[in-house]
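Residues are numbered in our numbering as their position in the sequence shown, beginning at 1, plus a constant of 28. Worksheet: one structure, shown below.
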Amino acid sequence: MVITFAVLALVLVGMLFGFNIQINADATSFLASIGSLVGGLAAAVAAFFSYRSVGEWRNQMQHSLLYEHLSHLETLLNEYVKKVNKSANNIDEIPVYKVLNIASQSARDVREEYESNYQKIHELIPTHLKVQLEELHFLTLTYQYNIALHDYKVKSSSLSRYISENKEKLEEASFDELSREESKELIDMNNAALAHYDFIMSIGGNAKISLSELRASLLKKV
29 MVITFAVLAL VLVGMLFGFN IQINADATSF LASIGSLVGG LAAAVAAFFS
79 YRSVGEWRNQ MQHSLLYEHL SHLETLLNEY VKKVNKSANN IDEIPVYKVL
129 NIASQSARDV REEYESNYQK IHELIPTHLK VQLEELHFLT LTYQYNIALH
179 DYKVKSSSLS RYISENKEKL EEASFDELSR EESKELIDMN NAALAHYDFI
229 MSIGGNAKIS LSELRASLLK KV
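Structure representation (structure tokens):
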């Protein structure tokens, strides 16, 4: 804004002195007036290109910082997702009352840095990409994980309970020897648990895809 006003001021000054030509002035005064006009215009042009150069430099600097923050966020996201997935793989060993703490506990070592980095990105990223960025907000991911982990724990516990209650029958008989109802019930419970497990995996996977797409969108602007 300051540079813009400076450009306008130089133009006005140049025009003021440049066009201040007296009709009855001698040749020297006339040439001096022409010189003032040319000098004013030259100064205005120089200021204009200087303004453009500063603007381009600032945009490049912001772009570099933004790309750097996105790369760092990716590292933190990968660490967070890896820990959540590890807990999901051991869901049977985790008590029900602790399941809702998995997401927040998994992010204990990275949350502060993640949120700080996310905020820096939010301040620099173009407006039309902010909605996509919100998919990577820590609270958004935690909310999705909490629901998915809870549902998976419920389905996994139901499957484990069924297997425990029918342990002798399942150990003595092959799957083909089970009744149609028994085999269907076992398959349905197993598929339900797997579906919720896959959903947990997809949360982290989708977050990584969104981050990659954001980076790709920025590269298109270069």
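Using N, Cα and C, we set each Cβ at its ideal position, and we do this for glycine too.
Just to confirm my understanding: we take L161, look at its own chain, exclude 5 residues before and 5 after, and list those with CB closer than 7 Å. What are they? I149, H150, I153, L242
On the three-state DSSP scale, how would you describe H156? helix
To the nearest angstrom, report how far apart S245 and M89 are at their CA atoms. 17 Å
How is R136 classed by DSSP in three states: helix, strand or coil? coil
Euclidean distance between Cα positions of S211 and K183: 17 Å
V255 vs I228 beta-carbon contact at 9 Å: Lying before the first or after the last residue shown, residue 255 is absent from the chain, which here runs from 29 to 250.
K114: buried (16+ other C-beta within 10 angstroms of its C-beta) or exposed? exposed
Does the beta-carbon distance from L239 to L93 come in below 9 Å? no
Among residues of its own chain, excluding the 5 on either side of E141, which ones have a beta-carbon nearer than 7 Å to its beta-carbon? L104
Separation of S230 from N145, as counted between CA atoms: 23 Å
Verify whether the separation of the beta carbon atoms of K181 and V124 is less than 9 Å. yes
For I119, the nearest candidate out of L222, K236, R136, E213 (CA to CA): L222
On the DSSP letters alone, give me the boundaries of the alpha helix (DSSP H) that S188 sits inside. 166-193
Would Y173 and I130 qualify as a contact pair, given that the criterion is a beta-carbon distance under 9 Å? yes
Specify the secondary structure class of I122 as computed by DSSP and reduced to three states. coil
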